[in-house]
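Mapped onto the numbering used here, the consecutive letters of the sequence shown carry residue numbers 25 to 380.
Ideal Cβ placement from N, Cα and C applies to all residues, glycine included.
Just so we're clear, the structure is a prediction, and the values are computed from it rather than from any experiment.
Take a look at the structure set out below.
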Amino acid sequence: MESRSVAQAGVQWISLAHCSLHLLGSRPEEREQQEPHPAAMSAEVETSEGVDESEKKNSGALEKENQMRMADLSELLKEGTKEAHDRAENTQFVKDFLKGNIKKELFKLATTALYFTYSALEEEMEHNKDHPAFAPLYFPMELHRKEALTKDMEYFFGENWEEQVQCPKAAQKYVERIHYIGQNEPELLVAHAYTRYMGDLSGGQVLKKVAQRALKLPSTGEGTQFYLFENVDNAQQFKQLYRARMNALDLNMKTKERIVEEANKAFEYNMQIFNELDQAGSTLARETLEDGFPVHDGKGDKRKCPFYAAEQDKGALEGSSCPFRTAMAVLRKPSLQFILAAGVALAAGLLAWYYM
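Encoded structure:
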């Protein structure tokens with residue numbers, strides 16, 4: 025049971041995450057179906073005798089529609105995103121992260137993706153804070169993560185971090201979708217807020233400890249401010265409040281179904297980010313030479329190659345490979361090492377003869 029909870033925590037990290045979206049606590053208690061009292065049954069028969077058959081049908085249809093409208097949005101989201109949730113928690117990046125198998129450069133890239141994602145989400149939430157389909161879920165003091173992520177970015181990249189980073193491709197697609205929703209279908213913002221914040225509250229502390237242990241980050245919180253919700257005293261109680269607010273939104277069944285569909289899209293965007301990070305991790309591992317010389321950084325930037333250390337012209341790098349890496353690979357061959365050694369010895373002999 026504990027391992028399942030840890031796996032769930034990882035999904036939302038990207039939020040990333042992240043997520044542990046099995047929403048507990050706000051679900052109404054399941055009630056056993058009780059047989060009606062005989063007196064009530066007879067009273068129902070008596071009051072129904074004079075009702076026209078067509079009126080009965082209309083009444084039944086109206087009652088059915090009302091029941092559908094009363095379906096809890098939190099439950100619809102939980103059941104409707106279960107498959108996507110399971111797939112997300114089984115991505116390689118999430119599994120590696122939960123095992124503590126993550127490099128600092130990769131964690132920095134992940135934090136960058138989170139920063140751009142939450143910046144877009146909270147910008148659109150701010151624009152729609154008075155929209156009736158979202159206003160009850162506007163909790164900037166308790167939930168917003170941009171300020172915390174800014175502190176993490178400063179810790180990892182320094183004061184001029186904004187000049188060093190750019191939005192990763194997968195995160196950019198997610199950002200564009202969030203802006204589109206906020207500007208055209210703000211009622212669907214619920215899906216993205218649900219996917220991100222509920223998971224952050226569920227698994228944040230687990231992921232914080234994993235990151236601190238794996239990356240040897242300070243226990244005082246530097247680099248993991250994203251996971252710290254200073255204005256939420258009790259995460260479980262706050263999640264119950266949030267789900268209650270979500271269930272009380274005045275939405276018809278069609279809109280609720282669209283929100284569930286959008287939540288599945290949110291999971292897909294998160295999985296694309298996870299996969300991109302996994303690819304970046306593989307590239308980072310490949311592009312580190314056996315003797316420890318880093319050829320490129322985690323973004324595949326050729327300018328990090330020692331040969332290009334002073335090169336500033338990006339155009340000069342296009343379509344070119346790293347000659348330092350090529351030279352090092354060539355020098356590993358024994359035959360070429362012998363030739364090079366002989367050449368050096370010959371040159372040394374000539375110089376010695378010249379200066380005699």
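Inter-residue Cα distance where the pair is residue i and residue j
{"i": "A271", "j": "E99", "result": "The residue you asked about is not Ala; residue 271 is Asn in the sequence shown. Spanning the two alpha carbons is a distance of roughly 9 Å."}
{"i": "T244", "j": "A304", "result": "29 Å"}
{"i": "G182", "j": "K240", "result": "18 Å"}
{"i": "Y204", "j": "L231", "result": "30 Å"}
{"i": "E129", "j": "P160", "result": "38 Å"}
{"i": "K175", "j": "Y198", "result": "22 Å"}
{"i": "F298", "j": "A108", "result": "13 Å"}
{"i": "A134", "j": "D302", "result": "10 Å"}
{"i": "A95", "j": "L308", "result": "47 Å"}
{"i": "Q260", "j": "T219", "result": "16 Å"}
{"i": "K123", "j": "D274", "result": "42 Å"}
{"i": "F117", "j": "A235", "result": "13 Å"}
{"i": "G206", "j": "A137", "result": "19 Å"}
{"i": "F180", "j": "D224", "result": "21 Å"}
{"i": "Y221", "j": "M177", "result": "20 Å"}
{"i": "A172", "j": "G247", "result": "9 Å"}
{"i": "D325", "j": "N184", "result": "Caution is warranted here: a pLDDT of 47 is assigned to D325, below 50, making its placement in the model unreliable, and the coordinate value is therefore given only provisionally. About 19 Å."}
{"i": "Y153", "j": "Y162", "result": "It should be pointed out that residue 153 corresponds to Lys in this sequence rather than to Tyr. Taking the straight line joining both Cα atoms gives about 6 Å."}
{"i": "L17", "j": "F121", "result": "Any property of residue 17 remains undetermined from this structure, which presents the chain solely from 25 to 380."}
{"i": "E227", "j": "F291", "result": "Going by the sequence as given, residue 227 is Gly instead of Glu. Taking the straight line from one Cα to the other gives about 16 Å."}
{"i": "P210", "j": "I126", "result": "36 Å"}
{"i": "S143", "j": "K233", "result": "24 Å"}
{"i": "K193", "j": "Q229", "result": "28 Å"}
Where residue i falls, given that 16 or more other Cβ within 10 Å makes a residue buried
{"i": "Q249", "result": "buried"}
{"i": "R267", "result": "buried"}
{"i": "M165", "result": "exposed"}
{"i": "M149", "result": "buried"}
{"i": "D257", "result": "exposed"}
{"i": "R237", "result": "exposed"}
{"i": "E187", "result": "exposed"}
{"i": "P242", "result": "exposed"}
{"i": "N114", "result": "exposed"}
{"i": "K280", "result": "buried"}
{"i": "K106", "result": "exposed"}
{"i": "K263", "result": "buried"}
{"i": "E300", "result": "buried"}
Under the three-state DSSP convention, the category residue i falls into
{"i": "K153", "result": "coil"}
{"i": "F163", "result": "coil"}
{"i": "I205", "result": "helix"}
{"i": "F253", "result": "coil"}
{"i": "K127", "result": "coil"}
{"i": "K240", "result": "coil"}
{"i": "E183", "result": "coil"}
{"i": "V189", "result": "coil"}
{"i": "D274", "result": "coil"}
{"i": "P347", "result": "Low per-residue confidence applies at P347: pLDDT is 48, beneath 50, and the placement is therefore not dependable enough to give any value."}
{"i": "D176", "result": "helix"}
{"i": "R282", "result": "helix"}
{"i": "E103", "result": "helix"}
{"i": "N299", "result": "helix"}
{"i": "D96", "result": "coil"}
{"i": "N114", "result": "coil"}
{"i": "E211", "result": "helix"}
{"i": "T248", "result": "coil"}
{"i": "N258", "result": "coil"}
{"i": "T219", "result": "helix"}
{"i": "F158", "result": "coil"}
{"i": "H109", "result": "helix"}
{"i": "R267", "result": "helix"}
{"i": "R310", "result": "helix"}
Beta-carbon separation (whole angstroms), residue i vs residue j, contact threshold 8 Å
{"i": "F131", "j": "A195", "result": "About 15 Å; that fails the 8 Å criterion."}
{"i": "L101", "j": "A287", "result": "6 Å"}
{"i": "H216", "j": "L145", "result": "6 Å"}
{"i": "F112", "j": "M295", "result": "A quick correction: the sequence has Ala, not Phe, at residue 112. Between M295 and A112 the Cβ distance is about 5 Å, and since that is below 8 Å, they are a contact."}
{"i": "R282", "j": "L212", "result": "6 Å"}
{"i": "V284", "j": "G104", "result": "4 Å"}
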